[in-house]
Every structure is written in structure tokens, then in C-alpha cells.
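Reviewing the structure listed below.
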Amino acid sequence: MSDQNDDNQTYALFLVGAIVFAVVAGVIGLAASRSGADRPPVATQEAAAAPTAAAPVGAGERVYFEVGSAALPPEASELLVRVADTARASGQSVVISGYHDASGDPARNEELAKERAMAVRHALEANGVAPDRLVMAKPALTTGGGDPREARRVELRLE
1350 MSDQNDDNQT
1360 YALFLVGAIV
1370 FAVVAGVIGL
1380 AASRSGADRP
1390 PVATQEAAAA
1400 PTAAAPVGAG
1410 ERVYFEVGSA
1420 ALPPEASELL
1430 VRVADTARAS
1440 GQSVVISGYH
1450 DASGDPARNE
1460 ELAKERAMAV
1470 RHALEANGVA
1480 PDRLVMAKPA
1490 LTTGGGDPRE
1500 ARRVELRLE
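According to our numbering, the residues represented by the sequence shown are 1350 to 1508, in order.
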């Protein structure tokens, strides 16, 4: 009888341990997936390795962001791969400039422009551009009454 109680306790402890393990693994998995959600998407290595037949990188390439967001838009991947390929092949530096407008809180706008520029920087680093070849320019204020997207852009210039 005592052996059966010991077996039941062992089984119960094993079951509780398995449940605790499953919960901890689930929490870690959820945390990992959420921390990846605020990172900018990076072009895959296959895309980076593929030859680019697209247009060459010009002066003042631009990445446009959504209102209030520093997440890289999916359509930026191709441009960032081209810029990274060109920078690596030419040995040139990439100057990264974030822009914002004068509406709303100026400090928050400047911070958002920095976050957007950093998202672009991280994507270029992930695509093989050496960090010492990435030059961050101070966030710049967009003036004039042009396209509102211009205030939500990051410009890339090869030098």
C-alpha cells in the first residue's frame, strides 16, 4: 500500500513538473515572439545573396514609414538589400537621415525620427554593412507643405 502511495506521489510530482515546464516554455516562446514584433523585418539571406537586377542605388533613396511607427515597412526590404549590396561592393559609407515635421510634440517627433533611422541602420547591419560604414545624421525637420509622407522618411545617401 505504501509503495502505491509513493508511486502516486512520484507520478503527481512528475505531472506537476511537466505542466510547469510547459508553462515556462510557453511564456518564453511568447516573450521571444513579441520581442521580435517590435524589431524591423530584415531581408532574408537568400534575398541578400540573390543578384539584384533592380535599379542601381541613387542619391537620396528613401524609406517611408507609417504614422507614429518606427517599424520598417515590408516594401523597404528590396531597397535596403540594394543599398547594402552597393555599400559592401563599393566600400562607400551610408549616411542615414531621419526626418520629422513640426506638428505635435517636437521631442517625440525627433525621437521617432531617430528610432526610424535606427531601424534602417539595424537592417543594413543585418544585411552585412559594417557598422563603421553607417553614419547617423541628426534628425532633420521637414519644412514646407508638401507630401505628409516626407515627414515620415529616412533618407539613405552613399558617400
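Cβ coordinates follow ideal geometry from the N, Cα and C atoms, glycine included.
Rounded to whole angstroms, the separation of the alpha carbons of residue 1426 and residue 1476 is 10 Å. Counting only unbroken stretches of 3 or more residues, the beta strand (DSSP E) elements lying wholly within the stretch 1408 to 1467 are 1410 to 1413, 1443 to 1449, in sequence order. Taking one beta carbon from each stretch, the stretch 1433 to 1444 and the stretch 1416 to 1423 have fewer than 3 pairs nearer than 8 Å; the two do not touch.
DSSP, read as helix, strand or coil, puts residue 1500 in helix. Buried is the label assigned to residue 1445, since at least 16 other Cβ atoms lie within 10 Å of its Cβ. The beta carbons of residue 1488 and residue 1456 sit no closer together than 8 Å.
Between residue 1502 and residue 1486, the alpha-carbon positions lie close to 13 Å from each other. At the C-beta level, residue 1504 and residue 1441 stay beyond 8 Å of one another. Selection 1416, 1411, 1359 evaluated against residue 1452 yields 1416 as nearest (Cα-Cα).
Residue 1409 counts as exposed, since fewer than 16 other beta carbons sit within 10 angstroms of its beta carbon.
Counted as a single uninterrupted DSSP element, the beta strand (DSSP E) harbouring residue 1484 occupies residues 1483 to 1485.
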